[in-house]
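**Student:** My questions all concern the structure below.
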Amino acid sequence: MCVMNIYIDRYPNGQGVEYRQTAYCQNGQPGRPCHRLSIVENPVRAVQSGEPTTEQLEQIMNNARPAAAGDTFLDPRGQAVSGCGETSLSPEALTLETLPPGGDDSESERSEVSRNSGRPLSKKFSKIFSKSRGLTLPPKFPKSRGDTTQDIPRRDPLGLTITYTPKKGYKVDIIFVHGLGGSSRRTWSKSQDRDSFWPELFLPREPTLSEARISTFGYNSELNSISPSILSVHDFAKSLLFDLKYANGTDGEAAEYGSKPIVFIAHSLGGLIVKKAYILGSVDESFRDVVSSVKSIVFLATPHGGSDLSRTLADLLSVTGRPKYTNVAHLKDQSISQINEEFRHVSGGHMSDLKLASFYETRATSLGVQKTLIVRKDAAVLNQPGEVVAPMDADHRNICKFDSRDDPNYRTLQKLLAVCGV
Numbered sequence: 154m155c156v157m158n159i160y161i162d163r164y165p166n167g168q169g170v171e172y173r174q175t176a177y178c179q180n181g182q183p184g185r186p187c188h189r190l191s192i193v194e195n196p197v198r199a200v201q202s203g204e205p206t207t208e209q210l211e212q213i214m215n216n217a218r219p220a221a222a223g224d225t226f227l228d229p230r231g232q233a234v235s236g237c238g239e240t241s242l243s244p245e246a247l248t249l250e251t252l253p254p255g256g257d258d259s260e261s262e263r264s265e266v267s268r269n270s271g272r273p274l275s276k277k278f279s280k281i282f283s284k285s286r287g288l289t290l291p292p293k294f295p296k297s298r299g300d301t302t303q304d305i306p307r308r309d310p311l312g313l314t315i316t317y318t319p320k321k322g323y324k325v326d327i328i329f330v331h332g333l334g335g336s337s338r339r340t341w342s343k344s345q346d347r348d349s350f351w352p353e354l355f356l357p358r359e360p361t362l363s364e365a366r367i368s369t370f371g372y373n374s375e376l377n378s379i380s381p382s383i384l385s386v387h388d389f390a391k392s393l394l395f396d397l398k399y400a401n402g403t404d405g406e407a408a409e410y411g412s413k414p415i416v417f418i419a420h421s422l423g424g425l426i427v428k429k430a431y432i433l434g435s436v437d438e439s440f441r442d443v444v445s446s447v448k449s450i451v452f453l454a455t456p457h458g459g460s461d462l463s464r465t466l467a468d469l470l471s472v473t474g475r476p477k478y479t480n481v482a483h484l485k486d487q488s489i490s491q492i493n494e495e496f497r498h499v500s501g502g503h504m505s506d507l508k509l510a511s512f513y514e515t516r517a518t519s520l521g522v523q524k525t526l527i528v529r530k531d532a533a534v535l536n537q538p539g540e541v542v543a544p545m546d547a548d549h550r551n552i553c554k555f556d557s558r559d560d561p562n563y564r565t566l567q568k569l570l571a572v573c574g575v
């Protein structure tokens, strides 16, 4: 059975805001989405300038429906997807997902609030959902630890998002992947100010990087007591591969990842997602062309292994403010060391082309009254031939955040990118 989780997604475009009905195909494996698809028979498209009215939202919701047997689904490139088989709707799958262009909300969780109106969408939609096939909104998520914003937080983009394209064209793709408890823009920002998103602010000003297209990959990395994530590194890696193959750019055309060399910069557990995506793509002919375009991977405090992996994972949970959650068991089950060995095997044949660089933290991270190194050097190094290894004068939280182009840590990374051939 193919369980289709239906969403009404909100996308900004040049004319305002577009809403369309999409779905996650789980291929009979709960919590393992393999496709994000548009329903052909009943697309929901409503373009608005600004925030829609309650009546307009009600019309959108009334047009939405659960997936049904016999539906045709399109992937992001407009190709029909077959083999979905019998379909059914999971109990609380119909939600409104808000995807503004950028933003810096406190975590990568699904937000059920209206940015402009300042009112929870759950109130606005309560009557609509009550008469819409008995479906209800999932519970509201609490604000994340450390969120000091007084107003409604903005949501960082999920999936692959192009944040900068050189006007004269680009020669390389640089893709940033955040870690556990992070998000696609906030992880790379020194403060809540969007202008502190350094990849877009600094890299285009570097002579050696001015021809790089910059993208982020966001995924739901948040853990909370109401709706703990049931996805794993494997799922996020598949999602990354799918986006690389089929993602569209800001103009609606194919993003064409893989047509130019790709460089990944990954923080913490984001490095495991990149490695797993590389592994999966190397053994899958449909994604092998994209993976072959990956020329460099830069790891920032990624736990590749080490002598005390359990302690490292426990400390990572403490950094995110979720020490009591056991979702990291997914990482243990998949075995970080196994991912490392598989990565070593599949990358070995391309070692002359694939350049690897690993940074490790040298400052202790505050965990309440204590301070500790989260990912120690022995865990942050792959120990592969040709790997560039370098320390960074930062703790685990700030190894991926820079104050300015004169920040010594940024200069170290920028020079390393040059060594990697970017």
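Note that my numbering has the sequence shown beginning at 154, numbered continuously upward. Virtual Cβ for every residue (Gly too), placed ideally from N, Cα, C.
1) Are the beta-carbon atoms belonging to Ala-454 and Tyr-372 less than 8 Å from one another?
2) Distance check for Ile-315 and Val-542, CA to CA, integer angstroms please.
3) Round the Cβ separation of Leu-535 and Ser-557 to the nearest angstrom and send it over; I've been treating them as touching at under 8 Å.
4) For His-457 and Gln-537, what's the separation of their Cα atoms in angstroms?
5) CA-CA distance, Phe-355 and Val-444?
6) Distance check for Leu-425 and Tyr-410, CA to CA, integer angstroms please.
7) Checking 8 Å against the spacing of the C-beta atoms, do Phe-329 and Thr-369 come in under that value?
8) Within the segment 319-356, note down every full beta strand (DSSP E) run reaching 3 residues or more, in order along the chain.
9) If you reduce the DSSP assignment to three classes, tell me which class Ser-363 lands in.
10) Is it buried or exposed for Arg-441, if we count other Cβ within 10 angstroms and need 16 for buried?
11) Just checking my contact of His-420 with His-331 at CB under 8 Å: how many whole Å lie between their CB atoms?
12) Per the DSSP calculation, Asn-401 is bridged to which residue(s)?
13) Apart from the five residues just before and just after Lys-428, which ones in its own chain have a Cβ nearer than 7 Å to its Cβ?
14) Using CA coordinates, which residue listed in Gln-567, Val-522, Thr-518 is at the minimum distance from His-549?
15) Under the rule that 16 or more other beta-carbon atoms within 10 Å means buried, what is Arg-308, buried or exposed?
16) Determine the extent of the beta strand (DSSP E) in which Ser-449 is found, giving its start and end residues.
17) In terms of alpha-carbon separation, which member of Val-499, Val-451, Cys-553 lies closest to Leu-570?
18) Given a cut-off of 8 Å, decide if Phe-350 and Ser-342 are closer than it, judged by their beta-carbon atoms.
19) Measuring alpha carbon to alpha carbon, tell me which residue in Phe-395, Lys-508, Lys-524 is nearest Ala-547.
20) Under a Cβ-count criterion, where at least 16 other Cβ atoms within 10 Å of its own Cβ denotes burial, should Ser-490 be classed as buried or exposed?
21) Roughly how many whole angstroms lie between the Cα atoms of Leu-520 and Pro-360?
22) Can you list, in chain order, the residues of its chain whose CB lies under 7 Å from that of Gly-402, leaving out five sequence neighbours each side?
23) Please determine, among Arg-339, Tyr-399, Phe-395, the residue with the shortest C-alpha to C-alpha distance to Ser-374.
24) State the DSSP-derived secondary structure class of Leu-290, mapped to helix, strand or coil.
25) Could you name the residues of the same chain whose beta carbon sits closer than 8 Å to that of Lys-465, not counting the 5 residues immediately before and after it, in chain order?
26) Give me the residue from Gly-312, Ile-327, Pro-561, Leu-311 with the minimum Cα distance to Thr-318.
**Tutor:** Concretely, from the data shown:
1) For Ala-454 and Tyr-372, no; Cβs fall outside 8 Å.
2) Rounded to the nearest whole angstrom, the CA to CA distance from Val-542 to Ile-315 is 28 Å.
3) Approximately 30 Å separates the beta-carbon atoms of Leu-535 and Ser-557; this is outside 8 Å, ruling out the contact.
4) Going by the C-alpha atoms only, they are around 11 Å apart.
5) Here the alpha carbons of Val-444 and Phe-355 stand approximately 27 Å from one another.
6) When rounded, the distance between both Cα atoms is 20 Å.
7) Against a cut-off of 8 Å, the Cβ pair of Thr-369 and Phe-329 comes out as a contact.
8) Within the segment 319-356, the complete beta strand (DSSP E) segments at least 3 residues long are 325-330, listed from N- to C-terminus.
9) Under the three-state reduction of DSSP, Ser-363 is assigned to coil, being neither helix nor strand.
10) So Arg-441 ends up on the exposed side.
11) The pair is a contact, with the Cβ atoms about 6 Å apart (cut-off 8 Å).
12) According to DSSP, Asn-401 bridges with Ala-407.
13) Counting only residues of its own chain and dropping the five nearest sequence neighbours on each side, Lys-428 has a CB closer than 7 Å to the CB of Ile-492, Phe-496.
14) Taking each of Gln-567, Val-522, Thr-518 in turn and checking the Cα distance to His-549, the smallest one comes out for Thr-518.
15) Label assigned to Arg-308: buried.
16) Run containing Ser-449: 447-453, per the beta strand (DSSP E) assignment.
17) Of Val-499, Val-451, Cys-553, the smallest CA-CA separation from Leu-570 is found for Val-451.
18) Cβ atoms of Ser-342 and Phe-350: closer than 8 Å.
19) That would be Lys-524, whose Cα lies nearest to the Cα of Ala-547.
20) Under this definition Ser-490 is an exposed residue.
21) Leu-520 and Pro-360 have their C-alpha atoms some 39 Å from each other.
22) The residues Ile-315, Ala-408, in chain order, have a CB closer than 7 Å to that of Gly-402 in the same chain once the five nearest residues on each side in sequence are set aside.
23) For Ser-374, the nearest C-alpha among the options comes from Arg-339.
24) For Leu-290, the predicted structure reports a pLDDT of 29, less than 50, and the residue's modelled location is therefore unreliable. A value from the coordinates is still provided. DSSP places Leu-290 in coil when its eight states are reduced to three.
25) It is worth fixing the name first, because residue 465 is Thr in this sequence and not Lys. Excluding sequence neighbours, Thr-465 sits near Pro-456, Gly-459, Ile-527, Val-528, Arg-529, Ala-532.
26) Minimum Cα distance to Thr-318 is reached at Ile-327.
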